[in-house]
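Okay, structure first, notes after.
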Amino acid sequence: MLKMSNIHKVYKTGHVEFRALKGINIEIKDNEYVSIMGPSGSGKSTLMNIMGCLDVPSEGDYTFDDRPVRNLTPNQLAEIRNRKVGFVFQAFNLLPYATAAENVEIPLLFAGMKSKARRLRVTEVLSSVGLADKMDNKPTELSGGEMQRVAIARALANRPNLILADEPTGNLDSASGTEIIKLLDEMHAQGHTIIIITHDQSIGNHTQRIIKLKDGMVFNGNGSPA
Amino acid sequence: MRPSVIINVFLRDFRKQRKRMSLTLLAILWGTFSIMLLLAFGEGLKYQMKHGTRGLGEGIVIVWGGQTSIPFEGFGKGRHIPLVPDDIDYIRQRMPELEAVSGEYIRWGATVKFKDKVLSERINGLFPDYEQLRNFIPQMGGRFINGADIEKRRRVAFLGDRTYERLFSGGSTDASGKESQPLDPVGQTIEIGGTPFLVIGVMQHKMQGSSYQGRDEDVIAIPASTFVALFGDPYLDNIIYKPSDKGDYKGAEKRLFEVMGAKHKFHPDDESALWTWDIMEEEKEEEMIAFGIQLFLGMIGALTLIIAGVGVANIMYVSVRERTREIGIKMALGARRIYILVQFVLEALWITLFGGALGMAMAYVLTEAFRRVEIDSEAISFMGKPTVSLEIGIIVTLILGIIGFLSGLFPAMKASSVDPVQSLRYE
Numbered sequence: 005m006l007k008m009s010n011i012h013k014v015y016k017t018g019h020v021e022f023r024a025l026k027g028i029n030i031e032i033k034d035n036e037y038v039s040i041m042g043p044s045g046s047g048k049s050t051l052m053n054i055m056g057c058l059d060v061p062s063e064g065d066y067t068f069d070d071r072p073v074r075n076l077t078p079n080q081l082a083e084i085r086n087r088k089v090g091f092v093f094q095a096f097n098l099l100p101y102a103t104a105a106e107n108v109e110i111p112l113l114f115a116g117m118k119s120k121a122r123r124l125r126v127t128e129v130l131s132s133v134g135l136a137d138k139m140d141n142k143p144t145e146l147s148g149g150e151m152q153r154v155a156i157a158r159a160l161a162n163r164p165n166l167i168l169a170d171e172p173t174g175n176l177d178s179a180s181g182t183e184i185i186k187l188l189d190e191m192h193a194q195g196h197t198i199i200i201i202t203h204d205q206s207i208g209n210h211t212q213r214i215i216k217l218k219d220g221m222v223f224n225g226n227g228s229p230a
Numbered sequence: 003m004r005p006s007v008i009i010n011v012f013l014r015d016f017r018k019q020r021k022r023m024s025l026t027l028l029a030i031l032w033g034t035f036s037i038m039l040l041l042a043f044g045e046g047l048k049y050q051m052k053h054g055t056r057g058l059g060e061g062i063v064i065v066w067g068g069q070t071s072i073p074f075e076g077f078g079k080g081r082h083i084p085l086v087p088d089d090i091d092y093i094r095q096r097m098p099e100l101e102a103v104s105g106e107y108i109r110w111g112a113t114v115k116f117k118d119k120v121l122s123e124r125i126n127g128l129f130p131d132y133e134q135l136r137n138f139i140p141q142m143g144g145r146f147i148n149g150a151d152i153e154k155r156r157r158v159a160f161l162g163d164r165t166y167e168r169l170f171s172g173g174s175t176d177a178s179g180k181e182s183q184p185l186d187p188v189g190q191t192i193e194i195g196g197t198p199f200l201v202i203g204v205m206q207h208k209m210q211g212s213s214y215q216g217r218d219e220d221v222i223a224i225p226a227s228t229f230v231a232l233f234g235d236p237y238l239d240n241i242i243y244k245p246s247d248k249g250d251y252k253g254a255e256k257r258l259f260e261v262m263g264a265k266h267k268f269h270p271d272d273e274s275a276l277w278t279w280d281i282m283e284e285e286k287e288e289e290m291i292a293f294g295i296q297l298f299l300g301m302i303g304a305l306t307l308i309i310a311g312v313g314v315a316n317i318m319y320v321s322v323r324e325r326t327r328e329i330g331i332k333m334a335l336g337a338r339r340i341y342i343l344v345q346f347v348l349e350a351l352w353i354t355l356f357g358g359a360l361g362m363a364m365a366y367v368l369t370e371a372f373r374r375v376e377i378d379s380e381a382i383s384f385m386g387k388p389t390v391s392l393e394i395g396i397i398v399t400l401i402l403g404i405i406g407f408l409s410g411l412f413p414a415m416k417a418s419s420v421d422p423v424q425s426l427r428y429e
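Okay, here's the thing in structure tokens:
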């Protein structure tokens with residue numbers, strides 16, 4: 005699915021350089037269920053952004069689905085994000101003025117799907133996360149768990165292989181969190197590759213492999229599948 | 003770039019942004035309204051000026067006798083060149099390129115009397131072709147001087163519309179006076195210099211932007227032959243001619259100097275031997291002036307619109323800042339940068355074009371209303387009726403399009419350069 009070798013990421017603000025990632029080597033296979041753990045500032049989110057082709061590494065080689073990301077144009081990266089990656093964020097990141105259905109529709113719009121097909125797919129995917137009756141609700145009319153389920157439905161809309169979840173339960177109470185994890189388990193069972201970034205050791209233990217980050221490096225030797 | 007994607011996203015998001023856009027829309031509406039009104043009044047003024055010149059006569063040249071400035075065939079300088087009655091036929095025979103040639107006798111201060119009303123007026127001795135050349139169009143029920151009048155030296159008179167008012171009303175010349183004249187002048191008898199004349203017609207009111215020797219509405223016209231018999235005037239006051247080819251009026255003028263020079267013995271290059279007044283020259287000048295005025299009005303209007311455009315750009319910038327997170331989310335979900343760019347440009351364009359359309363509609367309604375209202379004021383009648391022409395509509399639409407595009411482009415460029423990683427980091 006994806007392979008990173010010697011990935012570095014450097015942020016520059018004025019004259020100050022910040023090295024977020026310092027030589028990451030990670031390989032993740034299709035249909036793996038992986039968690040990435042580490043303290044704040046260890047580079048977890050940066051790593052996820054690079055994995056999801058939202059950001060590009062400063063150094064090193066990243067291969068997504070056997071394609072070297074280095075050679076891809078911005079439009080090709082956008083297409084990968086649209087078709088092959090589903091993002092789930094801690095803060096949900098739903099558009100506040102749009103209904104649940106409209107939020108889920110966005111990636112379908114960018115994929116150029118016709119309106120009838122879009123409506124069908126939106127209904128289908130929202131039903132699969134148990135929100136068939138909340139399609140026309142705005143985010144403010146939904147609970148946190150429901151909002152995250154809308155976000156997961158949105159991430160799944162274009163049937164991407166990879167789901168990237170950045171602290172998906174961070175803003176939720178434990179009951180809702182458990183539900184979300186259960187949903188991700190189902191996705192995994194259906195064949196999706198799942199990568200969860202989390203602080204929660206119990207969630208980490210729930211996955212097949214824990215990659216531990218510290219100071220921008222993998223330190224538990226779990227970079228490659230066993 | 004798939005147009006359908008952009009349009010779908012745009013339509014969906016725009017509905018959600020409606021509220022914040024309404025004030026900006028109002029600014030564009032006002033700007034468009036202003037430019038439309040200014041241009042419409044400019045157009046009315048242009049029409050009025052053009053019409054005003056036409057009132058005097060279209061494509062005509064008026065010639066007066068002058069004074070020589072070049073010695074010729076033994077004659078010295080400073081000799082008066084008078085216009086005599088047979089000059090008309092003489093020119094007519096030798097200059098076939100002229101469509102019409104006519105002349106005019108004038109006498110000032112003749113006593114004109116109708117019942118107990120006595121006025122001191124200007125009397126013009128005219129020929130029948132004056133009707134077409136100088137737009138002396140009779141009102142319904144009347145006629146102008148004809149060939150038989152000339153031949154038989156009939157004592158008939160054709161009155162300017164204001165002469166008629168002054169002569170036939172009870173002395174009131176105010177605005178309401180117009181309606182208090184039920185008397186049909188045709189068939190009435192007036193006295194000119196003690197001689198009775200039958201009134202045969204009254205001139206239709208016309209716009210007259212320029213005049214010489216009095217305005218046409220003040221005319222009392224009698225047949226030229228009658229005039230000569232009555233006053234014994236041996237000289238024409240002026241000669242009027244109209245070239246068939248409007249474009250070659252300069253050539254016609256040169257020929258006239260040759261023809262008249264041979265008859266009256268002056269040098270054909272002696273420009274002061276005859277005075278000519280070229281209406282066509284004047285028409286051109288007035289067209290230029292009208293164009294200048296309209297350009298000026300248009301520029302004022304365009305500036306108003308540009309200010310409104312700055313308003314649009316401003317609101318779009320604010321909108322970009324408020325929506326960075328939205329932009330980041332869309333990028334994460336697979337939006338290309340060009341989608342974001344086009345969406346913002348479309349929003350700005352839509353505001354300007356929609357606001358513009360409303361402004362245009364308002365301006366159109368107002369000018370139409372203005373056209374229908376009769377306002378009896380000299381100033382307003384000179385200003386003319388505001389006219390919204392197709393031309394104006396196209397020009398304003400183009401200006402709106404450019405302003406909308408530019409005011410959207412820069413915020414949109416900012417929007418499409420948003421770093422999705424940055425915009426998603428903060429919550």
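Heads up: the protein sequence lines correspond to chains B and A, in order.
Quick note, the first sequence lines up with residues 5 to 230 if you use this note's numbering.
Quick note, the second sequence lines up with residues 3 to 429 if you use this note's numbering.
In this text, a Cβ means the ideal position worked out from N, Cα and C, and glycines have one as well.
Note that the structure is predicted; figures quoted are calculated from it, not measured.
Check: Please tell me whether Q190(A) and Q141(A) are closer than 7 angstroms, where the distance is taken between their beta carbons.; Outcome: no
Check: If you reduce the DSSP assignment to three classes, tell me which class E123(A) lands in.; Outcome: strand
Check: Can you name the residues that DSSP bridges to G90(B)?; Outcome: I167(B)
Check: Within 7 angstroms of any Cβ in chain B, is that where the Cβ of P2(A) sits?; Outcome: The requested residue 2(A) does not occur in the structure, where chain A is confined to residues 3 to 429.
Check: Consider the Cβ of E429(A): report whether some Cβ of chain B lies at a distance smaller than 7 angstroms.; Outcome: Unreliable positioning characterises E429(A) in this predicted model, as indicated by a pLDDT of 46, which lies under 50. The coordinate reading is nonetheless provided below. Cβ-Cβ to chain B under 7 angstroms: yes for E429(A).
Check: Check the Cβ of A59(B) against every Cβ in chain A and list those closer than 9 angstroms, keeping chain order.; Outcome: Looking at the sequence shown, residue 59(B) is not Ala but Asp. Here the neighbours are D421, P422, V423.
Check: For T113(A), tell me which candidate among K208(A), I194(A), N316(A), T34(A) has the shortest Cα-Cα distance.; Outcome: I194(A)
Check: How would you list, in chain order, the residues of chain A whose beta-carbon sits under 9 angstroms from the beta-carbon of R125(B)?; Outcome: Neighbours of R125(B) on chain A: none; closest Cβ ~14 angstroms, over 9 angstroms.
Check: Listed from N- to C-terminal order along the chain, which residues in the stretch 6–22 of chain B have their beta-carbon within a distance smaller than 7 angstroms of any beta-carbon of chain A?; Outcome: none
Check: Please go through the same chain and pick out, in chain order, the residues whose beta-carbon is closer than 6 angstroms to the beta-carbon of P270(A), but skip the five residues on each side of it.; Outcome: F259, E260, G263
Check: What does the Cβ neighbour count give for Y214(A), buried or exposed, with the cut at 16 atoms within 10 Å?; Outcome: exposed
Check: Using the beta-carbon of each residue, which ones in chain A are nearer than 8 angstroms to G47(B)?; Outcome: Result: empty, since nearest Cβ-Cβ is about 13 angstroms, beyond 8 angstroms.
Check: Within 10 Å of its beta-carbon, does I302(A) have 16 or more other beta-carbons around it, so buried, or fewer, so exposed?; Outcome: exposed
Check: Would E63(B) and S228(B) be called neighbours here (beta carbons separated by less than 7 angstroms)?; Outcome: no
Check: Using the three-state DSSP reduction, which class does L99(B) fall into: helix, strand or coil?; Outcome: coil
Check: With a Cβ-Cβ cutoff of 7 angstroms, do F116(A) and L161(A) count as a contact?; Outcome: no
Check: Grab the span of the alpha helix (DSSP H) containing A223(A) for me, first residue to last.; Outcome: No alpha helix (DSSP H) contains A223(A), which is instead part of the beta strand (DSSP E) from 222–225.
Check: What residues are listed by DSSP as bridge partners for E63(B)?; Outcome: H12(B)
Check: Could you tell me the alpha carbon to alpha carbon distance between K218(B) and I317(A), rounded to whole angstroms?; Outcome: 44 angstroms
Check: Excluding the five sequence neighbours on either side, which residues of its own chain have a C-beta within less than 8 angstroms of the C-beta of V7(A), listed in chain order?; Outcome: Y341
Check: Looking only at its chain, what residues have a beta carbon closer than 7 angstroms to the beta carbon of V108(B), apart from the 5 residues adjacent to it on each side?; Outcome: V126, V129, L130, V154, A157, R158, A161
Check: Please report the straight-line C-alpha distance between M364(A) and S36(A), rounded to a whole angstrom.; Outcome: 10 angstroms
Check: Evaluate Y237(A) with the Cβ neighbour count: other Cβ atoms within 10 Å of its Cβ, from every protein chain shown; 16 or more gives buried, anything less gives exposed.; Outcome: exposed
Check: Would you say F114(B) faces chain A, with C-beta separation under 7 angstroms as the test?; Outcome: yes
Check: In angstroms, rounded to a whole number, what distance separates the CA positions of D204(B) and N35(B)?; Outcome: 22 angstroms
Check: Just the C-alpha distance for G392(A) and A359(A), rounded to the nearest angstrom, thanks.; Outcome: Checking the displayed sequence, the identity of residue 392(A) turns out to be Leu instead of Gly. Taking the straight line from one Cα to the other gives about 14 angstroms.
Check: Quick one: residues in its chain with C-beta nearer than 8 angstroms to the C-beta of V86(A), no 5 flanking neighbours on either side, listed in chain order?; Outcome: P236, Y237, L238
Check: State whether the stretch 172–186 of chain B contacts the stretch 14–29 of chain B, with contact taken as three or more CB pairs (one from each stretch) at a distance under 8 angstroms.; Outcome: no
Check: Quick check on the DSSP output: the alpha helix (DSSP H) that includes G59(A) runs from which residue to which?; Outcome: Element bounds for G59(A): n/a, residue is neither H nor E.
Check: Under 6 angstroms Cβ to Cβ from F138(A), same chain only, skipping five residues before and after it: list those, please.; Outcome: Y132, F146, M205
Check: Of the choices L408(A), E285(A), I64(A), Y319(A), whose alpha-carbon is the least far from that of I308(A)?; Outcome: L408(A)
Check: Name the chain A residues that come within less than 8 angstroms of E106(B), Cβ to Cβ?; Outcome: R14
Check: Can you have a look at T197(A) and say buried or exposed, based on whether 16 or more other CB atoms are within 10 angstroms of its CB?; Outcome: exposed
Check: Going by DSSP, what residue range makes up the beta strand (DSSP E) through N240(A)?; Outcome: 240–245
Check: Using alpha carbons as the reference points, say which of L40(A), L13(A), G234(A), R373(A) lies closest to I2(A).; Outcome: Given that chain A is displayed from residue 3 to residue 429, the structure contains no residue 2(A) and the question cannot be resolved.
Check: Can you grab the Cα-Cα spacing for the pair A177(A) / E273(A), in whole Å?; Outcome: For A177(A), the predicted model reports a pLDDT of 49, less than 50, meaning its position is unreliable and no value from the coordinates is stated.
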